[in-house]
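Protein chains in written order, with my numbering: chain A, 1 to 561; chain B, 1001 to 1561. Where a beta carbon is used, it is the ideal one built from N, C-alpha and C, also for glycine. Note that this is a predicted model, so its numbers are computed, not measured.
Number of protein chains: 2
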Amino acid sequence: MEQPQKTEQPVEQVQAQEVDAEGKKPSKNALKKAQKEAEKAAKKEAQKKAQAEKQQPEEEDPLAANYGDYELIQSQEKTDRVWTPVRCIDESMVGKNILVRARLQNSRVKGSIGFLVLREQFADIQAVIAYKEGQVSKKMIKWVGGIPKESIVDVYAEVTKPEQPVQSCSQKVELLVNRIYVVSRSHPLLPFQLEDASRPIKKGEIEMEDYNVVPTQPEEKKEEKKEDELNIIVSLKTRLDNRVIDLRTKANQAIMRVQSGVCQLFREFLYQNGFIEIHTPKLIAGSSEGGANVFKLKYFNQDACLAQSPQLYKQMCVMADFDRVFEIGPVFRAENSFTHRHMCEFTGLDIEMAIKENYHEVLDLLGDMFGYIFEGLETRYKVELETINQQFPFDPFKFKRPVVKLTFEEGVKMLHEAGIQQDPLEDLSTETERKLGALVKEKYDTDFYMLHRYPKSARPFYTMVCKDDDRYTNSYDFFMRGEEITSGAQRIHEPEFLKKRAMECGLNVDTIKDYIEAFKYGAYPHGGCGIGLERVVMLYCALGNIRKSCMFPRDPKRITP
Amino acid sequence: MEQPQKTEQPVEQVQAQEVDAEGKKPSKNALKKAQKEAEKAAKKEAQKKAQAEKQQPEEEDPLAANYGDYELIQSQEKTDRVWTPVRCIDESMVGKNILVRARLQNSRVKGSIGFLVLREQFADIQAVIAYKEGQVSKKMIKWVGGIPKESIVDVYAEVTKPEQPVQSCSQKVELLVNRIYVVSRSHPLLPFQLEDASRPIKKGEIEMEDYNVVPTQPEEKKEEKKEDELNIIVSLKTRLDNRVIDLRTKANQAIMRVQSGVCQLFREFLYQNGFIEIHTPKLIAGSSEGGANVFKLKYFNQDACLAQSPQLYKQMCVMADFDRVFEIGPVFRAENSFTHRHMCEFTGLDIEMAIKENYHEVLDLLGDMFGYIFEGLETRYKVELETINQQFPFDPFKFKRPVVKLTFEEGVKMLHEAGIQQDPLEDLSTETERKLGALVKEKYDTDFYMLHRYPKSARPFYTMVCKDDDRYTNSYDFFMRGEEITSGAQRIHEPEFLKKRAMECGLNVDTIKDYIEAFKYGAYPHGGCGIGLERVVMLYCALGNIRKSCMFPRDPKRITP
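Here it is in structure tokens:
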């Protein structure tokens, strides 16, 4: 069968375009207004149309049984039908009749022939519906042409081998439709078109696509554009407002699978190394790491807040003899900041372990762990990473063994040598971190490294001070592509010392009495870290914005969906 | 070496006993007062003593290098010393010199000999310290006798084989101490003794041990008791108030490992069956399942609440084409109820999946999953389950394949036949559930079963109604030992039907607009369930109180530690 032409956008699915016909960007307000009006009008018409289309095929078609809308699936049936997943349909099945349930990604019907694209998660396949006496009527083909995109259909079809393998789909064979039924009909007016949301961007373009900004094309290039190259850009805001649709793109399907993979690899490694999983409370009486940036709430008659990290609790678990613990759970930060890498709720991968004598025991284990995760992603998530790369191109992540470890002082020295100012006893700024990342990449050819022995001023009171130089601490941050993804340290396990440090840091010791109490009855020296899951995924795939690696992101302005 | 006698309680470790010398239970207030006074006095003395003991051994002992307190471990050292885990010390190592880091569980010193018990998590071992010229001085033995229980020590020792295997410890060989150092000294006054918290209880006694109640012995038996049989009972409240100490008991070490195991088995099975892991927001704008029992908070300038379940979000993930998803995460319920099975924060194991035609697809998968978990616990967590059984004896959990599935109507019929009243169109009470569980156990010899097709009145509005009888729904609960651990259903995936049901249930449709919107653009028929992790562990091990299977439980009165 021949390849169908690029699908034209049916009238009822046209959305309020964010770039007008001349390629000029209208003002934001005008855009909004136009969009609203267009939506209103289209909605009305669409509702009428949807109503009409929902009806079953006309009685007079003798082949009416071969198509139509299913009645609502309420578990009234239990058959032995077998549905074949789209990703499994290949040449070995040519000639077989199969049943497929998938979304109608696209359809183009002309007279007695129609071309459909059926999508199921990652995979898509071309299906052809053609007039055939006693099987497929012209009415049926017309009816198929009216099924809205994104509807879910059951297709009974024969697997056929086209003369040329289908280029535009993941599956290289075709389906020849015998019967087709709508399982669930989509509203014909989508918030945006899947193909717009799936369009590849150029390398480097990623930083531009900020939350509130519709990226513009460089002025001089605009005029050269042909009509059909006029790409509608779906802004991140529109995507996130309609996340259920947005997540259906292949890249997002892949990103979320990579996220799931990071968690699984993290756990696998830790289980192999004697860790157990814990679940610690998110509702706590005090604040977990100082008073700022805490969400507060009423817990019956008491004041409570949401845990900013499992810090205290994971330490308590080590004091309770669990030796090595990890937790994957939500972390809450009421930080009113609006950057590409901060969210108010994110998933923390937390680790805490007893150490025998030195925090390098933690560093060595964590180095191996990140190696396990990165190598696991490369081998097990090859297809997913390629899929992401097709829409959001990125350089493969470079990881070197043994892991590059630099002391803070060494890092500062590298910065100074490159002519970058940095106080050796103050924390790095995000900007300086990025510069140091670039220097490290240049020198060591790695996108991952560890920086340790941070100055005391840059770390919380419970961080263990270095024995040999009390201006520094037994602490560390890890970086991916020059951005921080992990923070950790050896903790102070001696109650009197902990009190002293708290007071030096200006804390009211009374408010952390319970915390200090936990170390009173024999305390193992220990250390650990917290890792931001979404940051790891964002930086591994160089996505440029943390909202892209989170299913339903939360920032100071966003609490829905 | 001979077995040491039962250790006497050293004076400085005596706690305010909850039962007085005559075995009579004093009033609660008197108890509290006495305890406080005793604590105060003991505290003072203990502090003095601790100060004295903390000092290094006297200079004049020429063997002083063989014992003493380490200086604070601040990562100043990085040696190639190897510590042998206590659980690994066995006969194959006899004659070897090893280094062990463990808690001093117990010590009994008499003149030139001392017996220690060293504990590391599950495992314990007896260590002997005896006078030996040029190695172990009498001063050293005396010093060892003064180390408070629960302190952490480094012991250099030779593995020896006693004439009789050590009965009281998990390891059957002994250690002959050459050198011993305190890594971290415990406060000498423990909130309670580990041996009191580890004492086995009798079968059935478990139900008595309620949250606020110190269990009493039957009056008539009290006088027969000998002094040394006078068991101090550590109430659940005291345990939870001092959870870091409490969790150190072998049973608790085992319970939390079983909990970790349930999660791991759950995930293993789901990964094998094409599920991916998701993390959905806990901070949401509306309330996830109706307005009641929700913790509310301010999210910057907006009103927000804590998710009562990932219900909406996991459904959205299926609508976003992820097909099969699971989440392990905290679930928040502001329920002011005070039972053995409710908490205000617990860990939910949530599942949602697309179904082709019938909710039995979910039931079959979940039946296999629970089988996988129960069988995995039996085989991989044998030692843990035995350990729990030693303190809290329970009947092994019976699981039958194929899983027993009863319709609600069948369940009601069984109740009626047993003379128990039950409206066939109303939900079961907890009491009736327990009775039905007993009937099912009697008839089918299983501790696990599924009850499905609940009446409409008993389920939330989004539950799919049965096609053949709209008084019932495509819903289900699962039971372990007669108590509910799982609730789930096929959900309504058709927006108009969902609206209709919401209105019938008296909901304001406007408040759930976003929820309904999620099904507008092509919706897969789907179903799922939510499982209470702590309930599964509690009921599998028949612990009698959910607070025992949660690391840091939260109920209306408890938000610390």
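Looking at the secondary structure, which residues open and close the alpha helix (DSSP H) in which B/L1365 lies? 1360-1380
Could you run through the region 1356-1385 of chain B and flag, in chain order, every residue whose CB is less than 8 angstroms away from some CB of chain A? K1356, E1357, N1358, Y1359, H1360
Can you tell me which of A/E133, A/W143, A/V94 puts its alpha carbon nearest to the alpha carbon of A/A116? Inspection of the sequence shows that residue 116 of chain A is occupied by Leu rather than by Ala. Closest option to A/L116, Cα to Cα, is A/W143.
Under a CB-based cut-off of 8 angstroms, is B/E1077 close to chain A? yes
Report all residues from its chain with a CB closer than 6 angstroms to the CB of A/R554; omit the five preceding and five following residues, and keep chain order. M343, C344, E345
8 angstroms Cβ cutoff, A/F266 in contact with chain B: no
Kindly indicate which three-state DSSP category A/P330 falls into: helix, strand or coil? strand
Ordered along the chain, which non-local residues of its own chain (more than five positions away) have a Cβ less than 6 angstroms from that of A/F394? C541, A542
Counterpart residues of A/A251 in DSSP-defined beta bridges: Answer by DSSP bridge pairing: none, since A/A251 is not bridged.
Let me make sure I understand the geometry here. Which of A/I125, A/P191, A/G146, A/A197 has the alpha-carbon closest to that of A/Q562? Because chain A in this structure spans residues 1 to 561, residue 562 of chain A falls outside the shown range and cannot be described.
Grab the span of the beta strand (DSSP E) containing B/Y1156 for me, first residue to last. 1152-1160
So, are the CB atoms of B/R1324 and B/F1275 less than 8 angstroms apart? yes
Report the rounded CA-to-CA distance for A/F269 versus B/G1261, giving the unit in angstroms. 15 angstroms
Beta strand (DSSP E) containing B/A1127: first to last residue? 1123-1130
In three-state terms, what does DSSP make of B/S1549? helix
Any chance you could list the beta strand (DSSP E) runs of at least 3 consecutive residues sitting entirely within the region 439-512 of chain A, in chain order? 448-452, 475-480, 483-490
Minimum C-alpha distance to A/L349 - residue among A/P148, A/H360, A/F326: A/F326
Among B/L1539, B/K1557, B/D1080, nearest to B/I1255 - alpha-carbon criterion: B/L1539
Provide the residue span of the alpha helix (DSSP H) that contains A/M538, from first to last. 533-540
Ignore the nearest five residues each way along the sequence and tell me which others in B/E1219's own chain have a CB closer than 7 angstroms to its CB. Here the model assigns B/E1219 a pLDDT of 39, short of 50, so the residue's position is not dependable and the matter cannot be decided.
Chain-order list of residues whose beta-carbon lies under 8 angstroms from that of B/P1455 (same chain, five-residue window excluded): F1408, P1424, L1425, E1426, D1427, R1471, Y1472, T1473
Let's see if you can read the secondary structure: which residues bound the alpha helix (DSSP H) around B/G1146? It is not in any alpha helix (DSSP H) - B/G1146 carries neither H nor E in the DSSP assignment.
Give the secondary structure of A/S170 by DSSP, where H, G and I count as helix, E and B as strand, and everything else as coil. coil
Which of the residues in the region 442-467 of chain A, read from start to end, lie with their CB under 9 angstroms from any CB of chain B? M464, V465, C466, K467
Kindly indicate which residue of A/F322, A/K296, A/K314 has the alpha-carbon position closest to the one of A/L306. A/K296
Please state if the CB of B/I1284 and the CB of A/I559 are separated by a distance shorter than 8 angstroms. yes
DSSP has B/R1324 in a bridge; who is on the other side? B/M1353
Buried or exposed, going by whether 16 or more other CB atoms sit within 10 Å of the CB of A/S549? buried
Could you list the residues in the region 272-284 of chain A with a C-beta less than 8 angstroms from some C-beta on chain B, going in chain order? I276, E277, I278, H279, T280, P281, K282, L283, I284
List the endpoints of the continuous alpha helix (DSSP H) containing B/K1413. 1408-1417
Could you check the C-alpha separation between B/K1025 and B/I1233 for me, to the nearest Å? Low local confidence applies: a pLDDT of 43 at B/K1025 is under 50, so the model's placement there is unreliable, and no value is given.
Where A/D469 falls, given that 16 or more other Cβ within 10 Å makes a residue buried: exposed
Label B/P1525 either buried or exposed according to how many other C-beta atoms from any shown protein chain fall within 10 Å of its C-beta, with 16 as the threshold for buried. buried
Work out the CA separation of A/Y444 and A/H452 for me, nearest whole Å. 17 angstroms
Quick one: does A/P525 have its CB under 8 angstroms from some CB of chain B? yes
Does any residue of chain A bring its CB to less than 8 angstroms from the CB of B/R1103? yes
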